[in-house]
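J.:
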């Protein structure tokens with residue numbers, strides 16, 4: 006049997022299979038748009054750059070505020086706010102939330118891992134059709150729009 010023949014056989018088998026009562030479909034939440042995520046990231050970055058600028062200007066920190074300080078503040082701010090409030094400062098301003106796949110909040114360890122992965126830049130660029138990046142898949146989270154009640 007050739008590979009293409011195997012694929013055709015599998016497709017025929019799948020087409021004839023009927024779902025049973027024990028097969029359950031878990032609903033996938035609507036994920037946030039890329040535009041709102043980029044706005045949230047920009048807000049976060051500018052806020053962290055402002056904090057770094059103030060600390061460098063007042064000689065609390067030496068060096069360039071646009072360097073590693075801004076990135077470090079972003080990772081800390083994003084992780085702490087996500088664990089405590091359900092989203093970073095920018096995400097809260099853009100009315101987004103980070104939730105676990107079961108709907109709860111991320112703990113601090115998962116939020117920190119997620120923030121570090123975002124700081125590495127590549128994980129957010131590797132994403133699934135549902136909008137979840139590698140950083141979200143790794144920690145089991147979604148970025149969703151805030152639902153107003």
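Numbering (the working numbering), first residue to last: 6 to 154.
Note that CB positions come from ideal geometry on N, CA and C, so glycine has one too.
The model shown is predicted, which means the values in this text are computed figures rather than measured ones.
1) Residue 59: buried (16+ other C-beta within 10 angstroms of its C-beta) or exposed?
2) Run through DSSP, which three-state label would residue 111 get?
3) Going by the beta-carbon positions, is the gap between residue 141 and residue 149 smaller than 8 Å?
4) Label residue 160 either buried or exposed according to how many other C-beta atoms from any shown protein chain fall within 10 Å of its C-beta, with 16 as the threshold for buried.
5) Roughly how many whole angstroms lie between the Cα atoms of residue 114 and residue 96?
6) What does the alpha-carbon distance come out to for the pair residue 43 and residue 152?
7) In this structure, does DSSP put residue 100 in helix, strand or coil?
8) Which same chain residues, not among the five before or five after residue 83, have their C-beta less than 6 Å away from its C-beta?
9) Nearest to residue 50 by CA position, among 104, 35, 74, is which residue?
10) Tell me residue 150's beta-bridge partners as DSSP assigns them.
11) Residues in its own chain within less than 6 Å of residue 110 by CB, not counting five upstream and five downstream?
12) If we ignore side chains and look at the alpha-carbon of each, how far apart do residue 62 and residue 70 end up?
13) Measuring CA to CA, which of 68, 131, 81 is closest to residue 116?
T.: With the given structure in hand:
1) So residue 59 ends up on the exposed side.
2) coil
3) no
4) Residue 160 lies beyond the stretch modelled for the chain, which goes from 6 to 154, so this question has no answer here.
5) 19 Å
6) Each residue's alpha carbon lies about 19 Å from the other.
7) When secondary structure is reduced to three states using DSSP, residue 100 falls in the coil class, being assigned neither helix nor strand.
8) 93, 120
9) 74
10) 101
11) 91
12) 9 Å
13) With respect to the C-alpha of residue 116, the residue from 68, 131, 81 having the closest C-alpha is 81.
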